[in-house]
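**Student:** Quick one: this structure, given as structure tokens, is what I'll be asking you about.
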Amino acid sequence: MAIHSVTNIPSKPPHQQLKDEQQQKQQQQQLVFDASVLNHQTQIPKQFIWPDHEKPCPNAPPLQVPLIDLGGFLSGDPFAASEASKLVGEACRKHGFFLVVNHGVDSSLIADAHRCMDNFFELPLTEKQRAQRKVGEHCGYASSFTGRFSSKLPWKETLSFRYSGEETSTNVVQDYLQTTMGDEFKQFGRVYQDYCESMNTLSLGIMELLAISLGVDRAYFKEFFEGNDSIMRLNYYPPCQKPDLTLGTGPHCDPTSLTILHQDQVGGLQVFVDNEWRLITPNFQAFVVNIGDTFMARIVNEKAQVVNEKARVVNEKARVVYEKARVVNEKARVENEKARVVYEKARVVYEKARVVNEKARVVYEKARVVYEKARVVNEKARVVYEKART
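The opening position of the sequence shown corresponds to residue 0 in numbering that gives the first Met the number 0, with each subsequent residue numbered one higher.
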């Protein structure tokens, strides 16, 4: 037998609650994602543990992704362009992912980009934090999202920077990285400047294939996105001692127009297709292309599907993914704002006209009543006149 004693515990006074909240916030701020330190711990911080239904799928089956050879298309072969566009269209109608080879990007440039990325993320945390991303900005270094969220944190580090296709922004990437990290990163910046320019050329070519597949003019999307702004992001997934408990990148949809990724040989990129997570097998010679939500909004009319993707953390080796997300053209945003202003003016004019019209309707209605009365009086007068005449 057991005797249970239950005591009502009074709630904490307001000042104690405030103190607890401040301590919790302080603990959150003190959490720092430093792989060189966390790798020596037997457990990972609870903030990085994901719910069971969102944890990685270690045995995800491979996704059959079309491998599209761009060699003929880039050399100007009309038949090759037609065949490539058909494959692009089919991929978009299924899940929005495909691989491209013979893409025109120099293999030595890809190797240099991987080497520079490894060199950067192997730096001490204090060195990497020289490029620390500021609140509200898209560019810079971020170690997980410890400063923004307190749970379901991704096991990754990122370095992001902006690229512009405008002619006046010749060395925007190189200048940013050199200014942020110091003169010793001049060559580092040059590599990613060249890489972004190659990605810009490749993405515009893919947009031509998208246009052909949709039956519009070949230059339709290319002309719209030329001179665009893009975000280049280096995603680095350090080794994790508990890879089955966390994710490198959580489930998400790309809200952009086009995303081009380059994986190393470790792999881990998964997409949600037909109600299950499927693995995109790494191919170092290929780029992974994902049609983002902006394009999918158009392609959905062709019965395409928007797909989730996630990156799984692996234990054996750090996985590196180069991600270039094409954002909506700034010019389009400006034109949209102009159209909104014009619409607003038109709405005001319409509203005034509606008020005037309503007043006119009331006046008309009164006039109609007066007219109807006059007609009745006139009819009575006519009857009286007829009687007097007879």
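Quick reminder that beta carbons are idealized off the backbone N, C-alpha and C, glycines included.
#1: Rounded to whole angstroms, how far is the Cβ of Lys-151 from the Cβ of Tyr-235, which I believe are closer than 8 Å?
#2: With DSSP run on the structure shown, which of helix, strand or coil describes Ile-205?
#3: Here's the rule I'm using: 16 or more other beta-carbon atoms within 10 Å means buried, otherwise exposed. How should Gln-284 be labelled?
#4: Is it buried or exposed for Phe-160, if we count other Cβ within 10 angstroms and need 16 for buried?
#5: What first and last residue would you give for the alpha helix (DSSP H) that runs through Asn-118?
#6: Assuming Ile-259 and Val-288 form a contact by the criterion Cβ under 8 Å, report the distance between their Cβ atoms to the nearest whole angstrom.
#7: Are Phe-286 and Val-104 closer than 9 Å when you measure CB to CB?
#8: Within the same chain, show all residues whose beta-carbon is closer than 8 Å to that of Ser-81, passing over the 5 residues directly before and after it, in chain order.
#9: Using C-beta distances below 7 Å, list every residue in its chain close to Leu-73, excluding the 5 sequence neighbours before and after it, in chain order.
#10: Going by the DSSP bridge assignment, what does Phe-96 pair with across the sheet?
#11: Could you give the distance in angstroms between the alpha-carbon of Glu-357 and the alpha-carbon of Val-382?
#12: So, is Phe-184 buried or exposed, given that buried needs 16 or more other C-beta atoms within 10 angstroms?
#13: Between the C-alpha atoms of Leu-69 and Trp-276, what's the straight-line distance to the nearest angstrom?
#14: Which residue's Cα is closest to the Cα of Phe-148: Ala-34, Leu-257, Lys-45, Thr-41?
#15: Cα separation between Cys-138 and Arg-129?
**Tutor:** Concretely, from the data shown:
#1: With 8 Å as the limit, Lys-151 and Tyr-235 do not qualify as a contact, their Cβ atoms being about 19 Å apart.
#2: For Ile-205, the three-state secondary structure derived from DSSP is helix.
#3: Exposed, by the Cβ-count rule.
#4: The residue in question, Phe-160, is buried, as its Cβ has 16 or more Cβ neighbours within 10 Å.
#5: Residues 106 to 120.
#6: Indeed they touch by this definition, with Cβ atoms about 6 Å apart.
#7: For Phe-286 and Val-104, yes; Cβs fall inside 9 Å.
#8: Sequence-distant Cβ neighbours of Ser-81 in its own chain, meaning closer than 8 Å and more than five residues away, are Ile-211.
#9: Counting only Cβ-Cβ distances below 7 Å, and skipping sequence neighbours, we find Gly-103, Gly-204.
#10: Per the DSSP secondary-structure output, Phe-96 pairs in a beta bridge with Asn-289.
#11: About 37 Å.
#12: With 16 or more other Cβ atoms within 10 Å, it is buried.
#13: In this structure, the CA atom of Leu-69 is about 28 Å from the CA atom of Trp-276.
#14: With distances taken between CA atoms, Phe-148 lies nearest to Lys-45 out of Ala-34, Leu-257, Lys-45, Thr-41.
#15: So the two alpha carbons sit approximately 12 Å from each other.
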